[in-house]
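Just so we're aligned, residue 5 is where the sequence shown starts under my numbering, counting upward by one.
Notes follow the structure.
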Amino acid sequence: MKNIDYENLQKLNTPFLAEYTAVFEAVAHKGWYILGEQVRLFEEEFAKYCQAKYCVGVANGLDALILALKAFEFPAESEIIVPSNTYIATILAIVQCGLKPVLVEPDIRTYNINPDLIEKKITTNTRAIMPVHLYGKPCDMPKIIKIAQKYDLKIIEDAAQAHGAHIHGRMIGSWGDITCFSFYPTKNLGALGDAGAVTTNNQELAEKIRTLRNYGSKVKYYNELIGYNSRLDEVQAAFLRIKLKRLNEIIQHKRQLANIYFENLSDKFIKPIQQENFFDVFHIFNIRHQQRNRLRQYLLENGIKTEIHYPVPPHRQKAMQNILENKSYPIAEEIHDTTLSLPCSFCHSKQEILEVIDCLNKFE
């Protein structure tokens with residue numbers, strides 16, 4: 005019987021362990037653990053990688069979204085446009101900031117927010133668009149930017165799953181006013197714990213988020229803003245610097261595995277759409293099938309583990325019942341009811357993916 009994990013973080017991180025150990029000892033012996041040299045260097049290196057001028061490391065991806073929204077000081081109850089099928093964190097950030105999420109349906113082909121539906125949801129209270137580059141596929145940023153410029157809206161990107169993705173060679177992380185990243189361990193650029201960052205080309209926004217993340221303080225014990233404690237720590241920054249050097253290698257491996265799926269998987273499964281000039285990084289390789297739950301159980305019985313990203317759309321979450329519009333979002337519901345995430349990790353071999361495909365193609 006096969007034994008193919010969906011993800012194996014121990015196996016994934018094994019190639020980096022010797023470097024992790026060495027850098028951990030170096031940081032531990034130095035005795036400076038918060039906002040030190042490793043964070044500064046990672047911020048410089050990740051900004052350069054994303055073709056952005058500035059990067060600010062924070063504690064996690066949710067904090068990145070919250071601090072980005074806080075930096076703009078939108079009036080209470082301002083409306084923020086967000087895809088109806090996003091992970092709940094995007095919407096939690098909006099709600100935590102006292103703002104109103106306005107859901108826009110995704111394109112059923114890309115799973116990203118449908119630019120053609122955005123204008124219908126814009127009102128005089130709309131202040132920003134929050135595109136989410138779901139599964140590692142870039143949103144149609146050229147179209148979204150045109151809409152934002154037309155209505156004088158800010159763009160805050162959720163790129164938690166899109167490290168290294170780009171459109172026409174322009175990196176995600178350099179398109180919107182602010183881009184927010186998570187370095188959760190399963191991400192293509194994953195830490196060994198929680199970590200996050202924002203990138204921007206706006207110096208004023210970068211400095212404001214640096215202040216907000218550190219109790220609202222630029223100078224120790226002098227607080228200019230109502231701030232937070234949300235700082236990327238030295239150890240995680242050091243680990244991320246090691247993995248960042250090999251991020252393109254990680255992405256290339258995952259793209260090779262994705263191509264094996266594209267070339268060999270039966271068309272009875274709906275595969276991700278491939279778009280010219282959109283460079284997908286396949287944080288998640290998902291398929292869709294009307295018998296998703298039965299399919300998942302079949303794979304598990306054959307030793308293949310999968311995940312569902314995500315089983316419940318935001319508007320059906322108990323926590324959102326008195327917050328989001330009480331209506332149906334049929335495209336989001338269709339995606340959440342049929343999507344299945346397949347093994348596609350830096351730790352998987354091409355042979356393992358072929359075994360997954362062989363099993364899938366026998367499903368009836």
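Note that CB positions come from ideal geometry on N, CA and C, so glycine has one too.
Query, Result
"Contacting residues, own chain, Cβ-Cβ under 6 Å from E47 (five flanking each side not counted)", "C59 and G61"
"Distance, T203 Cα to A51 Cα", "6 Å"
"Same chain, Cβ closer than 7 Å to Y91, five either side skipped, listed in chain order", "Y314"
"Where D162 falls, given that 16 or more other Cβ within 10 Å makes a residue buried", "buried"
"Euclidean distance between Cα positions of K331 and E337", "11 Å"
"L209, buried or exposed, once every other Cβ within 10 Å from all chains shown has been counted against 16", "buried"
"Per-residue DSSP class, three states only, for T128", "coil"
"Simplified DSSP assignment, three categories, for H313", "coil"
"Contact the segment 242-259 vs the segment 271-279: 3+ CB pairs below 8 Å", "no"
"Same chain, Cβ closer than 6 Å to I288, neighbours up to 5 away in sequence not counted", "Y139, H313 and S345"
"For A201, the three-state DSSP class (helix, strand or coil)", "strand"
"Pairwise C-alpha distance: D120 and K212", "33 Å"
"Span separating the alpha-carbon of H319 from that of N218", "33 Å"
"Three CB pairs or more closer than 8 Å across the segment 341-355 and the segment 301-313", "yes"
"N89 classed as buried or exposed, judged by whether at least 16 other C-beta atoms fall within 10 angstroms", "buried"
"Range of the contiguous alpha helix (DSSP H) that encloses E49", "E41 to Y53"
"Neighbourhood of N23 by C-beta, 7 Å cutoff - its chain only, sequence neighbours within 5 removed", "Reading off the sequence, residue 23 comes out as Glu, not Asn. Around E23: I246."
"CA nearest to the CA of A56, picked from H293, H167 and V27", "H167"
"Same chain, Cβ closer than 8 Å to L269, five either side skipped, listed in chain order", "K275, I291, I361, L364 and N365"
"Nearest-angstrom Cα separation, counted from N306 out to E238", "42 Å"
"At least three beta-carbon pairs within less than 8 Å, the segment 35-47 to the segment 177-186", "no"
"Beta strand (DSSP E) segment containing I85, residue limits", "E83 to P87"
"Of the residues H170, G200, I339 and Y10, the one placed nearest R235, counting alpha carbons only", "G200"
"Sequence-distant residues of the same chain with beta carbon closer than 7 Å to A195, five excluded per side", "F187, P189, Q240, F243 and L244"
"Straight-line gap, A93 to D111 (C-alpha atoms, nearest Å)", "20 Å"
"Environment of L299 [buried if 16+ CB atoms lie within 10 Å]", "buried"
"Alpha helix (DSSP H) runs contained entirely in the segment 265-325, provided each spans 4 or more residues", "296-305"
"DSSP state of E388 mapped onto helix, strand, coil", "Only positions 5 to 368 of the chain appear in the structure, and residue 388 is not among them; the question remains open."
"Residues that L346 bridges to, as DSSP identifies them", "F289"
"Euclidean distance between Cα positions of L358 and F350", "15 Å"
"Bounding residues of the beta strand (DSSP E) (the contiguous stretch that carries P189)", "No beta strand (DSSP E) holds P189; DSSP gives it neither H nor E."
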